[in-house]
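Here the UniProt record's numbering is used: the first residue of the sequence shown is 1, the next is one more, and so on. Built from N, CA and C at the ideal position, the CB exists for glycine as well. Bear in mind that the values here come from a model prediction, so they are computed numbers and not experimental data. Only one structure is covered here, and it is reproduced in the block below.
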Amino acid sequence: SLYVSEYFSQSAQKLSFYSWYGNAKLFHFHVPEDTVLLRWLLQASRGKGPECSSMEITVHFRHGAPPVINPLGTRFPANATVRPSYNISITLSSAVQNTTFVNVTTPAAGDWFIAAHLPEAAGRIEVKGFSTPCPYMFQADMFVLRLTDMPVLEPGVPMPHTVVSPAKPLHVKVFVPKYAAGMRFQLRGCVTSEQRPCSVRVLLGSITLPQSFQRTLTCTGSTNCSLALDSPPWEKWLQIMVESLGTANASVSVEMLASFTVCRPGSTSSFLSFISLNQSQAAARPGAAGSSAPAAAEAPRNASGQRSSCLQSQPVVREDLDVVSVRYRLLNGPSVPVSSLSPTLLLLNLNTGMDSGGSLVVNLLLNKTSVSLANATVVACVSAASPVLSLNATRNCSTAFSQGYPLSVSTSSVEAMLIVLYPQTDDWFLSLQLLCPQGQGECGAAEAKVTVFAYLTPCFNDCGPYGQCSLLRRHGYLYAGCSCKAGWGGWSCTDDTKAQSVGAQNLATLLLTLSNLMFLPAIAVAVYRYYLVEASVYTYTMFFSTFYHACDQPGVAVMCIMDYDTLQYCDFLGSVVSIWVTILCMARLKKILKYVLFVLGTLLIAMSLQLDRRGVWNMMGPCLFALVIMVTAWVHHGAKRRHCYPSSWKRWVFYLLPGITLAFIAISVYAFMETNENYYYTHSIWHVLVACSVAFLLPPRDKHKKPWAWSQKLTCRYQICQNDREELYAVT
């Protein structure tokens, strides 16, 4: 046998602490056919700085679709079926790098996915630039060992082979045809080179994670042994590995035979007959008397065909709506006839390679009037790769190499729903059959009508009112996840264990919005002291901060007067410009210079916020530059007057020191105390402290300007300009 090794690699990704599925870093690989050995090389590393500590990385594996994980232990939506993922932990302690190998023998061909993440996020809101997070990197590489000339076992044809030694197992494959109801594998004439009874082990099927249903057949001391499989995967290659359990020097000769039991489907309406049926109905619409005879003639023929067939296949049309969004329509209408004689089969095509990133929803609704037996039950099974054709016997909803998802409806419970999260890439089947407690004889020729709704959606129920459905991408692969808010959690944001009440949401909205009214004293002080430009900036900041936080709420208490991104940009711009103009106002510069710096600084701040809205230097940069200007101006004023500036001790004690203290407390709260849980009141405290500090820090008005005296100004209007000089220019 000729083995070929292949190597596949993807670029490393920076890991994140887990709070929702978008924090997990996904790796997507494709395992080729005839692969006998798969080896994952997992490399994890961390930075060398003092902020880096020991960390545990969790890595999940799954075949066919992204792994369904639940690191936070939250609840999944009702009617969702969840099977735990296969995962391992990689610890980064004293070592900067960790290398781990994971081996999988006889892996299933197709898509394989790896998801890696750090532990649960602490929930602290970190200001970008104040702290440097430790980088944790993860990279996954894949090695495969593929057999280029794997022998093909033809159905019904015996194939003799020799297992040379236990170290060299024999690999063969057989193709499973469509409508195969069962498979029987036989091992005959098994003897060793010493003409003794053999001891071999046969492994049928491939390994899939998180669950593997590989079948094992052990032949010890017997020359003939066999294994029967129900519902093998349709239209797929089935790997068979034979390994010797004897001594190292003895070879084993075997003869293998595979035979299939094929199920003949009943005659159902095809797409062409559906078109002709529509045409005949359209033509016979004025007088429908002539169209009843063909239908009556076809009824006995369909009934006899149903009795002789093992399944009734219903034609289904796949309708692609959007990315990871598919709707399935039944050509014969949403109602499906279900009998006890043979199962009714529906094909749900999910094998495009881009359908595994959503949720498959199957909803069954029983028509009570269609069931003549009160104690009858319609049993259904949703399975991948092959349908379950023996619902009346086993009821366990399992095939040869997979476990399906059972459903049932009856007159006491007429509706049933199933949600399959991240369904694997394959052909999915829905099997339905009518069952009676006393057996098939009790049901007789009874028939039930079941309405079937099946669709693929990116997020079930669009993540509900407290979640946002986000479309994620890894290279060319798209998948969806729910980002929850207002304390809600879970896969579809249905877990209300830590959810905020409506009263708490209203309180958070009121605190974050009404706390901006503390800018009113600062605006009044600015207007009273003739700082009209500064007062306009404070009014702008108060307005947009109020409505930005009214729009930024995670719950139901939300009001957006314009686009969210516009409100956020205006809020950030007003906050930084308010600090800029306040410090420049304290510098006591000449008016022309002050207003030039106002405009120039505002333009530069607007540019920097467009580049990086959450960068700490967008706020610290203008603050430090304005402080340098203010200190320089104060030194200049002090040297010119030959005493300390500001000269009044009352100004320092009652205005500057309280204002500076409030500003430092506000910065400390903003930078080091905010978390996701306390954001609504810590950020409200930030609003109050900043607004109060502005009212304290604004300098007194110029000495030559009198305070606003509205009564005097109304009686003697000419006094408004008594201290100003007008220059008139005549143009000739």
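Residue interval of the alpha helix (DSSP H) (run including residue i)
i           : result
I641        : Per the sequence presented here, residue 641 reads as Arg, with Ile not at that position. From DSSP, the alpha helix (DSSP H) with R641 extends over 617 to 641.
V326        : Where V326 is concerned, there is no enclosing alpha helix (DSSP H), although the beta strand (DSSP E) it sits in stretches over 325 to 330.
C219        : First-last for C219: 215 to 220, but that is the beta strand (DSSP E), not the alpha helix (DSSP H).
Q505        : 502 to 514
V558        : Looking at the DSSP string, V558 is not in any alpha helix (DSSP H), and its letter there is neither H nor E.
E534        : 532 to 551
W112        : Unbroken run through W112 is the beta strand (DSSP E), 110 to 120; no alpha helix (DSSP H).
A400        : Where A400 is concerned, there is no enclosing alpha helix (DSSP H), given that its DSSP letter is neither H nor E.
P658        : 657 to 668
M354        : Careful: M354 lies outside any alpha helix (DSSP H) and carries neither H nor E.
K236        : Not the alpha helix (DSSP H): K236 falls in the beta strand (DSSP E), residues 236 to 244.
residue 736 : Absent from the structure is residue 736, since the part of the chain shown begins at 1 and ends at 732.
L611        : 591 to 611
Y528        : 519 to 528
Proximal residues to residue i (C-beta, below 7 Å), its chain only, five neighbours per side dropped
i    : result
P437 : N375
T509 : A550, Q553, A557
N461 : S492
V242 : V163, P169, L170, V200, V202, V254
K128 : R614, G615, V616
D426 : G64, L350, N351, A384, A385
V4   : R146, T148
Cβ-based burial, residue i [other Cβ within 10 Å; buried from 16]
i    : result
Q553 : buried
I592 : exposed
V378 : buried
W40  : buried
G467 : buried
V388 : buried
W112 : buried
F101 : exposed
A480 : buried
V317 : exposed
F8   : exposed
N103 : exposed
C644 : exposed
K25  : buried
G49  : exposed
D571 : buried
Close Cβ partners of residue i (< 6 Å) along its chain, the five nearest in sequence each way excluded
i    : result
F260 : P155, A180, M183
E534 : A526, V581, C585
T602 : V577
E674 : I125, T682
K485 : Y466, P554
E33  : A109
S335 : K449, T451
Terminal residues of the beta strand (DSSP E) in which residue i lies
i           : result
Y466        : Looking at the DSSP string, Y466 is not in any beta strand (DSSP E), and its letter there is neither H nor E.
K48         : Unbroken run through K48: none, as it is neither H nor E.
residue 733 : Given that the chain is displayed from residue 1 to residue 732, the structure contains no residue 733 and the question cannot be resolved.
T91         : 86 to 92
L430        : 426 to 435
A384        : 377 to 384
V160        : Note that residue 160 is Pro in the sequence shown, not Val. Here the beta strand (DSSP E) through P160 covers 159 to 163.
K498        : K498 -> no beta strand (DSSP E), and no H or E assigned at all.
P337        : 335 to 339
S454        : First, the amino acid is wrong: residue 454 is Ala here, not Ser. From DSSP, the beta strand (DSSP E) with A454 extends over 447 to 457.
V420        : 415 to 421
Those residues which DSSP pairs with residue i across a bridge
i    : result
Y477 : R474
P315 : Paired residue(s): none; P315 is not in a bridge.
S259 : R184
R124 : T675
Sequence-distant residues of its chain with Cβ nearer than 8 Å to residue i (five each side left out)
i    : result
E319 : V326, R327, Y328, R329
W236 : What sits at residue 236 in the sequence shown is Lys, not Trp. These residues qualify, in order along the chain: F175, V176, A385.
P77  : I419, F460, N461, G490, W491, S492, T494
A167 : A248
E677 : G123
L689 : L662, A663, I665, A666, V669
Touching or not, the stretch 613 to 632 and the stretch 580 to 590, by the rule of three or more beta carbon pairs under 8 Å?
-> yes
State whether the stretch 632 to 640 contacts the stretch 585 to 605, with contact taken as three or more CB pairs (one from each stretch) at a distance under 8 Å.
-> yes
Cβ pair count under 8 Å reaching 3, the stretch 126 to 146 against the stretch 197 to 204 | no
Sufficient close CB pairs (3 or more, under 8 Å) joining the stretch 116 to 136 to the stretch 204 to 214 = no
Answer yes if the stretch 69 to 85 comes into contact with the stretch 48 to 55, meaning at least three C-beta pairs across the two stretches below 8 Å, and no otherwise.
-> no
For the 8 Å Cβ check, are there 3 or more pairs between the stretch 535 to 542 and the stretch 497 to 504?
-> no
Looking at C-beta atoms only, is the number of pairs between the stretch 394 to 403 and the stretch 353 to 364 that lie closer than 8 Å three or more?
-> no
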